[in-house]
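What follows is one structure encoded as structure tokens, with my remarks underneath.
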Amino acid sequence: MEFSIKTKGFDKIDKMLADMIHDLEPEGFMQWANTIEKTAKEICNDPDCKRIKFKANKDMKISMNFADVEAIECLKKAIKQHLNSMSIGLRAFYEQGLPKQLDEIKKNFSV
Numbered sequence: 011m012e013f014s015i016k017t018k019g020f021d022k023i024d025k026m027l028a029d030m031i032h033d034l035e036p037e038g039f040m041q042w043a044n045t046i047e048k049t050a051k052e053i054c055n056d057p058d059c060k061r062i063k064f065k066a067n068k069d070m071k072i073s074m075n076f077a078d079v080e081a082i083e084c085l086k087k088a089i090k091q092h093l094n095s096m097s098i099g100l101r102a103f104y105e106q107g108l109p110k111q112l113d114e115i116k117k118n119f120s121v
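By the count of our numbering, the sequence shown reaches residue 121 at its end, each step adding exactly one.
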């Protein structure tokens with residue numbers, strides 16, 4: 011007599027772990043930054059890339075440059091749009107760490 015057990019849940023866990031690892035490696039980190047930048051440019055109607063620059067490098071550092079406060083808000087909207095697709099670790103960075111930096115940059119436009 012033979013028995014088998016379905017392991018559907020384990021497949022989901024494996025995929026979740028693989029996604030998490032990918033997102034926290036330089037290539038995945040850079041891909042997410044590019045995706046967010048592209049979405050922000052669409053939201054702000056910036057096809058010529060003059061208002062928003064948001065790039066990650068292989069050292070997992072982000073450089074950003076904005077033409078105005080509206081461009082920063084477009085980036086924030088783009089981040090919110092993609093949060094549910096990110097792994098938990100990357101989501102924490104984009105939900106908690108980055109908004110503080112963006113708020114500091116916004117203050118520079120107010121001065």
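We put the beta carbon where it would ideally sit given N, CA and C, even for glycine.
The structure presented is a predicted model; accordingly, all values stated were derived computationally and were not measured.
- In its chain, beyond the 5 residues on either side, Ile46, Thr49, Ala50 and Ile53 have a beta carbon closer than 7 angstroms to the beta carbon of Ala88.
- Remark: C-beta atoms of Ala66 and Met96 do not approach each other more closely than 7 angstroms.
- Here the C-alpha atom of Lys116 lies approximately 17 angstroms from the C-alpha atom of Glu105.
- Here DSSP, grouped into helix, strand and coil, assigns Ala77 to coil.
- Shown here for Leu108: same chain residues with a beta carbon closer than 8 angstroms to its own, the five before and five after excluded, namely Ile72 and Ile89 in chain order.
- Residue pairing of Lys116 in beta bridges, as defined by DSSP: absent, with no partner found.
- Your pair Lys63 and Met74 checks out as a contact, with CB atoms roughly 6 angstroms apart and the cut at 8 angstroms.
- In the DSSP secondary-structure assignment, Phe64 is bridged to Met74.
- Taking 8 angstroms as the upper bound for CB-CB distance, Lys68 and Pro36 are in contact here, some 4 angstroms apart.
- Ranked by how close their Cα comes to the Cα of Pro57, the residues Glu114, Trp42 and Ala81 have Ala81 in first place.
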